[in-house]
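One structure below.
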């Protein structure tokens with residue numbers, strides 16, 4: 001048995017079923033071992049190492065198991081980095097196995113020689129090790145797996161090419177040998193009783209309790225629902241926690257933050273008590289004013305408590321077990337007026353979303369595209385979204401229910417993971433449908449190539465449905481609107497305008513189903529056709545870039561006044577429109593159909 005054979009055997013012993021990667025001579029020894037092992041664990045060939053890393057992240061996010069990716073030395077290892085940082089920042093367990101030049105060539109400026117230990121020391125800061133002799137195994141691999149799981153982070157194992165081909169020798173019962181064993185110890189930490197009592201005092205004293213849940217609360221759904229019933233609270237969700245609670249619960253206000261909802265903004269604006277569970281939501285300005293609310297935080301990571309807000313009590317522990325211990329200490333609130341207000345605000349918001357989706361656009365309102373999908377979603381669907389304006393519509397228009405799961409690049413907010421996330425999710429749960437909502441910028445960046453990966457593997461999936469919805473507005477839309485809102489600058493066409501691409505025809509050429517939609521009345525039928533398809537499907541929706549992602553705290557009266565000033569020419573922004581920016585400013589008051597055309601006139 002060679003070192004490379006043993007690595008694959010050990011991965012199987014850890015229960016690893018898939019490794020996402022791309023070939024290169026720096027891992028030739030491992031590739032040969034895969035042949036001898038009859039492709040177990042299965043090597044999933046991405047089109048690019050960055051996509052392999054994203055697929056490993058998607059697999060880990062949707063399965064709860066460690067994602068494993070592999071790449072060659074030098075450029076292959078470098079390409080993994082963006083996906084690995086996505087995993088690190090979103091606290092997802094991923095192990096990277098990368099090749100390196102022969103030990104005899106190290107330090108000699110050899111071809112593809114990169115100092116990988118230095119390169120990876122940040123992204124794999126919890127554990128990064130290079131194997132230089134066989135006896136380092138299995139310890140190095142075991143620690144990489146165990147650390148990734150235990151700390152929900154990225155670890156890396158670097159294996160020089162010549163070491164891969166050495167005969168495997170296990171560590172002996174001798175001095176300076178490090179034996180190892182399999183197994184991940186499971187534990188659920190619970191805070192000290194005094195800390196729990198302090199937290200209960202804060203929550204019992206509050207009259208208007210707001211709860212913010214993140215992905216760390218995903219396994220505590222029953223406890224959170226019981227908590228809400230006791231406290232008469234409202235619940236907002238960080239974007240990575242979108243699938244923690246169903247949006248069909250009347251007190252759930254939806255997403256919070258820049259991509260959030262108005263009722264979530266109102267929940268934080270008006271509360272007197274805040275409880276954050278399993279979230280490191282970064283945007284402090286969307287939380288209560290510092291002198292407004294008493295606050296309690298629950299997080300399993302002691303290094304992530306006390307952030308974002310001046311919490312009065314920080315509870316370090318597993319969300320479910322901590323709430324089990326906290327709930328008996330809480331007093332049931334009899335006054336439900338606060339929760340009734342939250343419920344009313346949330347209901348009003350969904351009415352506004354429906355009306356916004358009905359607004360006319362040229363040619364299709366992107367909000368209509370995503371809103372039409374909401375009612376058609378299977379209860380076990382897995383959703384991914386790419387970064388950009390597509391993430392706004394994913395955050396605001398899709399209501400989680402049943403066993404739905406959803407995710408995107410949260411803290412890194414990188415472009416490109418929408419399609420590979422969905423592919424990784426399909427390998428995690430081949431019996432469930434997956435839908436990726438992406439913009440045309442992300443699709444051109446790397447999504448098109450990963451359609452080839454879907455075409456290569458979809459016949460292995462029990463449920464073949466993987467739907468890629470491309471919002472084709474020929475604009476890097478999120479940045480375009482950020483330029484307008486944050487810089488007061490018009491769209492800079494050389495950086496923002498995208499070439500038109502026949503996405504549906506390309507999908508058809510790859511053997512997938514391709515659908516083109518350029519009229520609003522075709523939207524629902526396209527979704528239904530894709531959901532009934534016998535293979536992966538790409539739907540190209542031609543959408544209007546002039547539909548802006550309105551922030552949740554938008555003041556409708558102020559927006560109306562701003563639009564009016566443009567109409568009447570007393571604003572510098574009139575010039576922006578007359579320069580042909582294609583910025584059709586809409587009045588978003590529900591029921592209003594007024595718009596401004598390219599020349600600045602009302603129509």
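In UniProt numbering, the protein residues as written are 1 to 603. C-beta: ideal position from N, C-alpha, C; glycine also.
Problem - 8 Å contact criterion, which residue 515 and residue 537 should meet: CB distance rounded - result: Confirmed, Cβ separation roughly 7 Å.
Exercise for the section: Count the CB pairs spanning the region 253–272 and the region 185–201 that are closer than 8 Å, and state whether there are at least three. Expected result: With a cut-off of 8 Å, the region 185–201 and the region 253–272 do not count as touching, because too few Cβ pairs lie within range.
Problem - residue 41 versus residue 161: straight-line alpha-carbon distance, rounded - result: Looking at the two C-alpha atoms, the distance is approximately 20 Å.
Exercise for the section: Give the straight-line distance between the Cα atoms of residue 274 and residue 93, rounded to the nearest whole angstrom. Expected result: Cα to Cα, the separation comes out at about 29 Å.
Problem - Own chain, CB closer than 7 Å to residue 146, minus 5 neighbours either side, in chain order - result: Cβ neighbours of residue 146 beyond the five flanking positions: 184.
Problem - Top-ranked residue by Cα proximity to residue 615, from 405, 80, 300, 222 - result: No information on residue 615 is available, as it lies outside the stretch 1 to 603 that the chain covers here.
Exercise for the section: Note down, one range per segment and in chain order, each alpha helix (DSSP H) of at least 4 residues found wholly within the region 489–540. Expected result: Restricted to the region 489–540, the alpha helix (DSSP H) segments that are unbroken, complete and at least 4 residues in length are 493–496, 503–509, 523–531, listed in chain order.
Problem - Length of the line joining the Cα atoms of residue 635 and residue 487 - result: It is not possible to answer for residue 635, since the shown part of the chain is limited to 1 through 603.
Handout entry: Buried versus exposed call for residue 205 [16 or more other C-beta atoms within 10 Å across all chains shown]
Key = Burial is judged here by how many other beta carbons sit within 10 angstroms of a residue's own beta carbon; residue 205 has fewer than 16 and is exposed.
Practice task
For the alpha helix (DSSP H) containing residue 129, list its first residue and its last residue.
Solution key: It is not in any alpha helix (DSSP H) - residue 129 instead sits in the beta strand (DSSP E) that spans 128–130.
Practice task
State the start and end residues of the unbroken alpha helix (DSSP H) segment that holds residue 125.
Solution key: No alpha helix (DSSP H) contains residue 125, which DSSP labels as neither H nor E.
Practice task
Just the C-alpha distance for residue 382 and residue 485, rounded to the nearest angstrom, thanks.
Solution key: Distance between the alpha carbons of residue 382 and residue 485 is about 33 Å.
Exercise for the section: Identify, in the order they occur along the chain, each residue of the same chain with its Cβ nearer than 8 Å to the Cβ of residue 168, setting aside the five sequence neighbours on each side. Expected result: Excluding sequence neighbours, residue 168 sits near 1, 2, 3, 5, 6, 134, 137.
Exercise for the section: Rank 297, 349, 417 by C-alpha distance to the C-alpha of residue 326 and give the top, closest one. Expected result: Measuring from the Cα of residue 326, the nearest candidate turns out to be 297.
Handout entry: Exposure label - residue 58; buried when at least 16 CB within 10 Å
Key = Buried, by the Cβ-count rule.
Handout entry: Cβ-Cβ separation, residue 152 to residue 127 (assumed contact under 8 Å), whole Å
Key = For a cut-off of 8 Å, the C-beta gap from residue 127 to residue 152 is around 13 Å, too long to register as a contact.
Practice task
Can you tell me the Cβ-Cβ gap for residue 402 and residue 445, rounded? I've got them flagged as a contact below 8 Å.
Solution key: Not a contact, Cβ separation roughly 32 Å.
Practice task
Starting from the C-beta of residue 320, find all residues in its chain whose C-beta is less than 6 Å away, skip the five residues before and the five after it, and write them out in chain order.
Solution key: Here the set comprises 219, 220, 223.
Exercise for the section: Could you tell me whether the Cβ atoms of residue 214 and residue 279 are closer together than 8 Å? Expected result: For residue 214 and residue 279, yes; Cβs fall inside 8 Å.
Exercise for the section: Have a look at residue 404 and residue 180 and give me their C-alpha separation to the nearest angstrom. Expected result: Those two C-alpha atoms are separated by around 38 Å.
Exercise for the section: Just confirm the distance between the C-beta atoms of residue 420 and residue 54, as a whole number of angstroms; I'd bet it's less than 8 Å. Expected result: Their Cβ separation, rounded to whole angstroms, is 4 Å, which keeps residue 420 and residue 54 in contact under 8 Å.
Exercise for the section: Give the DSSP bridge partners of residue 299, in chain order. Expected result: Paired residues: 316.
Exercise for the section: State buried or exposed for residue 39, treating a residue as buried only when at least 16 other CB atoms are found within 10 Å of its CB. Expected result: Exposed, since its Cβ has fewer than 16 Cβ neighbours within 10 Å.
Practice task
Note the first and the last residue of the continuous beta strand (DSSP E) segment covering residue 43.
Solution key: Its beta strand (DSSP E) spans residues 42–45.
Problem - Expected contact under 8 Å - CB spacing of residue 540 and residue 438 to nearest Å - result: Not confirmed; about 11 Å, so no contact.
Problem - Residue from 86, 241, 73 whose Cα sits closest to the Cα of residue 395 - result: The residue from 86, 241, 73 with its alpha-carbon nearest to that of residue 395 is 241.
Handout entry: Where residue 427 sits in the DSSP three-state scheme
Key = Correct three-state label for residue 427: helix.
Problem - Straight-line gap, residue 239 to residue 107 (C-alpha atoms, nearest Å) - result: Rounded to whole angstroms, residue 239 to residue 107 spans 45 Å at the Cα level.
Problem - residue 465 versus residue 509: straight-line alpha-carbon distance, rounded - result: Here the alpha carbons of residue 509 and residue 465 stand approximately 18 Å from one another.
Handout entry: Spatial distance of residue 52 from residue 453 (CA atoms)
Key = The alpha-carbon atoms of residue 52 and residue 453 are separated by roughly 10 Å.
Practice task
Go through the region 411–468 residue by residue and report every complete run of the alpha helix (DSSP H) that reaches 4 residues or more, in order.
Solution key: Counting only runs that start and end inside the region 411–468, the alpha helix (DSSP H) elements of at least 4 residues fall at 418–428, 448–457.
Problem - Which of helix, strand or coil DSSP assigns to residue 167 - result: DSSP places residue 167 in strand when its eight states are reduced to three.
Problem - Where the alpha helix (DSSP H) through residue 83 begins and ends - result: That run of the alpha helix (DSSP H) goes 75–89.
Handout entry: Unbroken stretches of the alpha helix (DSSP H), 4 residues or longer, contained in the region 159–223
Key = Restricting attention to alpha helix (DSSP H) runs no shorter than 4 residues, the region 159–223 encloses them at 161–164, 193–205, ordered along the chain.
Handout entry: Per-residue DSSP class, three states only, for residue 268
Key = Looking at residue 268 - three-state DSSP - the assignment turns out to be helix.
Problem - Residue from 473, 277, 283 whose Cα sits closest to the Cα of residue 259 - result: Comparing Cα-Cα distances from residue 259 to each of 473, 277, 283, the minimum goes to 283.
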